[in-house]
Amino acid sequence: MWQYLLYCYGKRLPSSMNRWVAEDLAGPGAVRRHMIRYAIPPLLILAPLWLLPAPIYMRLEMTAPIYVWAL
2 MWQYLLYCYG
12 KRLPSSMNRW
22 VAEDLAGPGA
32 VRRHMIRYAI
42 PPLLILAPLW
52 LLPAPIYMRL
62 EMTAPIYVWA
72 L
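Position 13 (the sequence shown) corresponds to 14 in this note's numbering; numbering is contiguous.
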């Protein structure tokens, strides 16, 4: 599990896992995995802004442009 998480954030895996890495980068579902990996970090940073006491439109105005820019 730790190896996978470190891999998701750029750590190099052992040579014995080269085939798995190739499948992860270009195999079925690769685009979906990459989109999820790119979408989660800005979401975690912007999530606390949704806890501020404000109308929904103001929360969207604060977070949506930053989130779209981050992707």
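Glycine included, C-beta positions come from ideal geometry on N, C-alpha and C.
As the crow flies, the alpha-carbon of Trp70 is around 13 angstroms from that of Ile46.
Look at Leu7 here: in three-state DSSP terms it is helix.
Inclusion of Leu72 and Ala40 in the CB contact set at 9 angstroms is warranted, their separation being smaller than that value.
DSSP places Arg13 in the coil class of the three-state scheme, outside both helix and strand.
Between Leu52 and Met63, the CB-CB gap reaches or exceeds 9 angstroms.
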